[in-house]
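Structure first, then comments.
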Amino acid sequence: MDIGPYLLLASLEGAVLAAVLSLTALGLSLVFGVMRVVNVAHGEFFMLGAVASWFVATFVDETLGAPAWLGFAAALACAPLAVGALAWAADRLVLERVGYDPERTIVATIGLLYIIQQATLMGFGPDARPVQPPFNHRLALPWVEWGEEGLALYWPWGLSTTSYKLFVIGAAVALLIGVWLVLSRTRLGLVMRATQFDRETAQAFGIPVDRVFAMTFAIGAGLAAVAAVLIVPIQQAHYLMGGDPLLLSFIVVIIGGLGSLRGTVLAALLIGMSDGIISVFFSPTLAKILATLLVAMVLVFRPQGLFGARPA
Amino acid sequence: MTGFAKPGALHLAVALLLLAANFLLPEYHHGAMARVLTLAVFALGYNVMFGYTGLLSLGHALFFAAGLYGMGLPMQHLGLDAEPAFFLGIASGALVAAAVGALALRTAGVAFMIVTLMFAQAGYLTILYFLEYTRGDEGFVIAREARFFFGLDLAAPDVRYLSAWLLFTVAMFAVLALVRSPAGRVLVAIRENEERARMLGYDVARYKLGAIVISGALCGAAGAAYGLLFGYVGATFASVQYSILPLLWVLLGGAGTVLGPLLGVTFMFYLIDLSSGITDAYMLIAGAALVILTLFAPAGLLGELRRRALPWLP
Amino acid sequence: MTAPSAAPEPLLSTQGVTRWFGGLCAVDHVDFTLPAGEIRALIGPNGAGKSTFVGLLAGRILPSEGRVRFAGEDVTRLPAHARMARGMAYTFQITSIFANLSLFDNVALAVQRRLAPGQSLGSEVEAALARVGLDDRLDQPAGDLSYGHQRLLEIAMGLAQRPRLLILDEPTQGLSDGEIEGFKALVREVARDATVLLIEHNMDVVMSLADRITVLDMGAVLAEGTPAEIHADPAVQRAYLGG
Numbered sequence: 079m080d081i082g083p084y085l086l087l088a089s090l091e092g093a094v095l096a097a098v099l100s101l102t103a104l105g106l107s108l109v110f111g112v113m114r115v116v117n118v119a120h121g122e123f124f125m126l127g128a129v130a131s132w133f134v135a136t137f138v139d140e141t142l143g144a145p146a147w148l149g150f151a152a153a154l155a156c157a158p159l160a161v162g163a164l165a166w167a168a169d170r171l172v173l174e175r176v177g178y179d180p181e182r183t184i185v186a187t188i189g190l191l192y193i194i195q196q197a198t199l200m201g202f203g204p205d206a207r208p209v210q211p212p213f214n215h216r217l218a219l220p221w222v223e224w225g226e227e228g229l230a231l232y233w234p235w236g237l238s239t240t241s242y243k244l245f246v247i248g249a250a251v252a253l254l255i256g257v258w259l260v261l262s263r264t265r266l267g268l269v270m271r272a273t274q275f276d277r278e279t280a281q282a283f284g285i286p287v288d289r290v291f292a293m294t295f296a297i298g299a300g301l302a303a304v305a306a307v308l309i310v311p312i313q314q315a316h317y318l319m320g321g322d323p324l325l326l327s328f329i330v331v332i333i334g335g336l337g338s339l340r341g342t343v344l345a346a347l348l349i350g351m352s353d354g355i356i357s358v359f360f361s362p363t364l365a366k367i368l369a370t371l372l373v374a375m376v377l378v379f380r381p382q383g384l385f386g387a388r389p390a
Numbered sequence: 056m057t058g059f060a061k062p063g064a065l066h067l068a069v070a071l072l073l074l075a076a077n078f079l080l081p082e083y084h085h086g087a088m089a090r091v092l093t094l095a096v097f098a099l100g101y102n103v104m105f106g107y108t109g110l111l112s113l114g115h116a117l118f119f120a121a122g123l124y125g126m127g128l129p130m131q132h133l134g135l136d137a138e139p140a141f142f143l144g145i146a147s148g149a150l151v152a153a154a155v156g157a158l159a160l161r162t163a164g165v166a167f168m169i170v171t172l173m174f175a176q177a178g179y180l181t182i183l184y185f186l187e188y189t190r191g192d193e194g195f196v197i198a199r200e201a202r203f204f205f206g207l208d209l210a211a212p213d214v215r216y217l218s219a220w221l222l223f224t225v226a227m228f229a230v231l232a233l234v235r236s237p238a239g240r241v242l243v244a245i246r247e248n249e250e251r252a253r254m255l256g257y258d259v260a261r262y263k264l265g266a267i268v269i270s271g272a273l274c275g276a277a278g279a280a281y282g283l284l285f286g287y288v289g290a291t292f293a294s295v296q297y298s299i300l301p302l303l304w305v306l307l308g309g310a311g312t313v314l315g316p317l318l319g320v321t322f323m324f325y326l327i328d329l330s331s332g333i334t335d336a337y338m339l340i341a342g343a344a345l346v347i348l349t350l351f352a353p354a355g356l357l358g359e360l361r362r363r364a365l366p367w368l369p
Numbered sequence: 029m030t031a032p033s034a035a036p037e038p039l040l041s042t043q044g045v046t047r048w049f050g051g052l053c054a055v056d057h058v059d060f061t062l063p064a065g066e067i068r069a070l071i072g073p074n075g076a077g078k079s080t081f082v083g084l085l086a087g088r089i090l091p092s093e094g095r096v097r098f099a100g101e102d103v104t105r106l107p108a109h110a111r112m113a114r115g116m117a118y119t120f121q122i123t124s125i126f127a128n129l130s131l132f133d134n135v136a137l138a139v140q141r142r143l144a145p146g147q148s149l150g151s152e153v154e155a156a157l158a159r160v161g162l163d164d165r166l167d168q169p170a171g172d173l174s175y176g177h178q179r180l181l182e183i184a185m186g187l188a189q190r191p192r193l194l195i196l197d198e199p200t201q202g203l204s205d206g207e208i209e210g211f212k213a214l215v216r217e218v219a220r221d222a223t224v225l226l227i228e229h230n231m232d233v234v235m236s237l238a239d240r241i242t243v244l245d246m247g248a249v250l251a252e253g254t255p256a257e258i259h260a261d262p263a264v265q266r267a268y269l270g271g
């Protein structure tokens with residue numbers, strides 16, 4: 079394949095990654111922004127979403143004998159709710175008890191990471207297991223070239239995407255718009271933003287901060303879970319799959335700036351697309367090295383990220 | 056902080072007890088305790104930063120690995136002898152710590168945790184990247200013939216245990232001396248109220264950098280010793296797990312106490328050892344331990360003891 | 029060398045020191061001199077820029093323009109800890125001590141930096157605490173003290189540094205009347221060895237302690253003089269004392 083079509087392919091793959099990443103990172107950003115704590119177990123909520131969707135899909139498929147798309151739809155509905163409920167419980171039982179102290183929260187969420195990961199290992203096993211996508215048509219994509227009569231379209235072999243991948247991108251966009259609407263137009267969103275802006279004043283206004291926190295934690299986990307449900311037909315569910323999304327979400331949130339939905343989405347696009355394109359030219363390991371160093375440097379020299387606004 | 060007598064005597068007693076253990080322990084525990092003592096030096100190094108100066112790093116595996124590879128790579132590829140390689144390992148730990156400190160100490164709190172985590176991750180990935188030299192996750196073995204330190208065969212169980220013991224004892228007394236010194240008092244002051252320490256005339260940035268370099272040197276020494284004593288160098292030791300473990304050990308045993316790290320390593324080591332027999336998911340135990348600790352006993356075993364009964368415990 | 033000048037250089041002085049915060053000028057080209065041995069009070073209505081000005085003196089804030097000189101040296105670019113190390117001591121508006129450490133350790137941190145060989149840390153610490161009457165509970169955690177005693181501890185820490193200049197930022201806030209009387213006696217005794225700069229709202233304390241008073245308003249010096257002069261100054265009365 080020539081470089082043009084190759085880049086188009088990489089961009090499409092990158093767009094899928096970016097879509098899923100933006101949802102996951104948004105979950106982390108909400109928790110970071112509203113609660114001011116770092117949830118190191120965020121990747122595990124992602125993984126649980128994938129694992130839960132496998133359980134639901136398998137149940138629907140084998141026990142009920144229903145078609146693949148029904149299993150997927152059920153997973154899409156149930157998995158985020160289940161993971162969100164678990165997160166809600168974790169917040170009330172652990173995080174609230176340590177008073178959301180930044181250091182103790184990090185330590186506690188590290189503990190949660192190990193518990194969730196290893197419990198999944200015990201219950202789900204060490205293998206990667208696939209989930210059927212609800213639909214999956216191969217769509218060949220055209221590219222332009224100079225022919226005898228000027229510009230003409232042709233279909234390079236290997237340049238294709240699937241209908242499901244396009245669906246993932248579309249679903250992510252829809253969800254992001256949905257979250258934006260909730261944050262900016264509903265009372266819940268207003269309450270969350272108020273608590274993020276000034277916790278003490280929010281309390282003084284009678285906002286039940288503890289419950290807002292539990293809700294936020296649950297929503298953050300739910301977003302990660304939904305992202306995982308979307309990606310699992312492409313990627314397979316595995317008990318260790320939370321590591322990369324965690325790292326990438328961190329990178330996105332830090333570069334995009336805290337508390338900025340637009341920053342998160344833009345940074346996710348940047349990271350998601352460049353991850354795909356950089357991997358074309360560099361080894362994935364080198365790309366990851368550069369990415370982690372970039373995050374560190376941004377934190378050291380420009381802690382408000384690229385789009386965030388933090389007073390100096 | 057009056058008098059060196061009681062704490063000095065206590066630590067001397069611990070050192071002698073551990074020395075006696077060399078002759079009393081059955082073979083399995085003999086080897087296990089050698090490992091514990093070496094890792095305890097790693098924990099001691101971490102404690103200098105976390106327990107005493109109040110800086111929570113999530114990237115200390117980088118310093119341990121710097122010592123491990125700083126010793127291992129020259130031995131493997133340049134044929135360097137064990138003696139200079141060991142000291143090269145210590146120096147590597149200190150140097151890497153200085154470099155990380157120069158950048159990371161410009162941040163604080165959560166940002167500091169993330170920056171140190173990122174540097175450690177970058178270090179781990181770099182080890183994987185240079186696969187042909189480091190053999191990545193698989194690692195490489197250091198030949199037994201090379202592991203002779205001033206004529207002593209480090210693979211022999213007695214020599215191995217006593218070397219680990221010597222390293223630990225030196226490190227323990229060094230840390231004890233530090234925390235009882237005026238400089239140690241300043242580190243604690245920085246942890247307790249950084250702005251007040253600054254307004255008493257202390258160059259806080261310089262002290263923090265000193266703390267991280269000392270920490271790096273200790274962790275590097277532990278890494279280099281671990282490679283020499285057990286003959287294996289691998290990338291696992293640079294992974295996130297080995298950044299979380301010292302935090303866990305120190306929290307468990309008691310942050311800000313000199314003996315806490317040893318207690319934490321021993322406890323955790325045997326806890327995992329015992330539970331490995333029962334389940335594959337022994338990290339589940341570690342995870343649960345972390346959650347319970349931070350919920351109910353944030354001061355750790357010795358920390359709670361000091362709070363309730365023995366206030367003179369350093 | 030030029031002809032010897034009659035007066036020695038003041039211990040602390042500023043020339044045109046200015047600080048902007050965005051569009052707001054918090055300190056506006058202030059020229060300030062403080063000769064050694066004086067007890068100077070700095071007063072002014074809320075928002076006058078006292079805290080910012082003191083921050084500029086102590087080095088906690090760097091100026092947008094102007095210079096600060098201390099003990100014959102230009103310290104404008106020096107960070108706070110370096111100025112403290114050169115002979116300034118500072119007590120915070122909201123008492124800032126090491127609550128989890130013992131009284132001994134608190135004062136030891138102040139003493140140990142200037143401890144000369146041959147001096148004993150223990151006796152210096154006890155002496156410093158004795159000056160404020162807290163030498164009977166060396167090992168008690170400082171956080172267990174009452175607020176008034178914590179303030180005294182902080183002053184003891186300032187004194188223990190053997191400073192040339194002691195900056196006290198609203199020291200009597202939160203103290204009872206009896207404690208205030210004790211504080212006044214302490215300051216008079218301290219002023220025998222050190223220069224004192226006192227930021228205060230309590231006018232009784234200011235009038236009875238200060239040798240001279242500097243009045244700030246809207247970031248600039250409104251008036252400067254003896255307590256009697258300031259008391260009689262109509263501009264000060266308008267801005268601050270309410271006629």
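Chains as they are written, first to last, in the numbering used here: chain A, 79 to 390; chain B, 56 to 369; chain C, 29 to 271. Backbone N, C-alpha and C define an ideal beta-carbon position, used for all residues, glycine too. Please read all numbers here as calculations on a predicted model, not as lab measurements.
Neighbourhood of His-177(C) in chain B, by CB distance below 8 Å: empty, with the nearest CB roughly 17 Å away. What Pro-237(B) touches in chain C, judged by beta-carbon distance under 7 Å, is Gln-140, going in chain order. Restricting attention to alpha helix (DSSP H) runs no shorter than 4 residues, the stretch 219-290 of chain A encloses them at 241-263, 265-275 and 277-282, ordered along the chain. Contact note: Ser-79(C) does not reach chain B at a C-beta cutoff of 9 Å; the least C-beta distance is about 14 Å. With contact defined as three or more Cβ pairs closer than 8 Å, the stretch 294-304 of chain A and the stretch 97-110 of chain A are in contact. Within the stretch 102-158 of chain A, the complete alpha helix (DSSP H) runs of at least 4 residues fall at 120-136. The residue among Gln-176(B), Ala-352(B), Leu-183(B) and Pro-316(B) with its C-alpha nearest the C-alpha of Gly-100(B) is Pro-316(B). Along the stretch 165-192 of chain B, the positions whose C-beta sits under 8 Å from a C-beta of chain A are Val-165, Ala-166, Met-168, Ile-169, Val-170, Met-173, Phe-174, Gln-176, Ala-177, Leu-180, Thr-181, Leu-183 and Tyr-184, read in chain order. Leu-207(B) is bridged by DSSP to Phe-204(B). Contact annotation for Met-104(B) against chain C: no contact, minimum CB-CB distance about 18 Å [criterion: below 8 Å]. Inclusion of Ala-153(A) and Val-138(A) in the CB contact set at 9 Å is warranted, their separation being smaller than that value. Per the coordinates, the alpha-carbon of Gly-86(B) lies some 20 Å from the alpha-carbon of Leu-300(B).
Looking at the backbone, the Cα of Ala-152(B) and that of Thr-370(A) are separated by about 18 Å. By the C-beta density criterion, His-132(B) is exposed, having fewer than 16 other C-beta atoms within 10 angstroms. Chain C places a beta carbon closer than 9 Å to that of Pro-366(B), counting this residue as a contact. Phe-110(A) and Asn-117(A) have their C-alpha atoms some 8 Å from each other. Only exposed fits His-215(A), as fewer than 16 other CB atoms lie within 10 angstroms of its CB.
One alpha carbon belongs to Ala-64(B), the other to Leu-159(A), and they sit about 58 Å apart. Leu-255(B) and Ile-245(B) have their alpha carbons spaced roughly 11 Å apart.
No beta strand (DSSP E) of 3 residues or more sits fully in the stretch 289-320 of chain A. By the rule that beta-carbons nearer than 9 Å mark a contact, Glu-181(A) touches chain B. Taking C-beta atoms as the reference points, Leu-193(C) and Val-224(C) count as a pair closer than 9 Å. Cβ neighbours of Arg-207(A) within its own chain (closer than 7 Å, five residues either side excluded): Trp-132, Gln-314 and Ala-315. At a C-beta separation below 8 Å, Gln-121(C) has no neighbours in chain B, since its nearest C-beta there lies roughly 12 Å away. Using a Cβ-Cβ distance cut-off of 8 Å, the stretch 214-234 of chain C and the stretch 246-253 of chain C are not in contact, since fewer than three pairs of beta carbons, one from each stretch, lie closer than that value.
Assignment of beta-bridge partners to Glu-101(C) by DSSP yields Phe-98(C). Here Glu-122(A) is not near Thr-183(A), since their CB atoms are 9 Å or more apart. In the DSSP assignment, Phe-174(B) falls within the alpha helix (DSSP H) that extends over 164-184.
With respect to the 9 Å criterion, Val-176(A) and Leu-253(A) are not classified as neighbours on the basis of their beta carbons. Close partners of Met-338(B) in chain A (Cβ separation under 8 Å): Tyr-192, Gln-195 and Gln-196. For Ile-245(B), no CB of chain A lies under 9 Å from its own CB, so it is not counted at the interface with that chain.
The secondary-structure analysis by DSSP pairs Arg-47(C) across a beta bridge with Val-55(C). DSSP places Ser-130(C) in the strand class (E or B) of the three-state scheme. Counting only Cβ-Cβ distances below 7 Å, Thr-294(A) has no contacts in chain B at all, with the closest Cβ about 17 Å away. Identification of residues in the stretch 127-152 of chain B having a C-beta nearer than 7 Å to some C-beta of chain C yields an empty set.
Sequence-distant Cβ neighbours of Leu-345(B) in its own chain, meaning closer than 7 Å and more than five residues away, are Leu-303.
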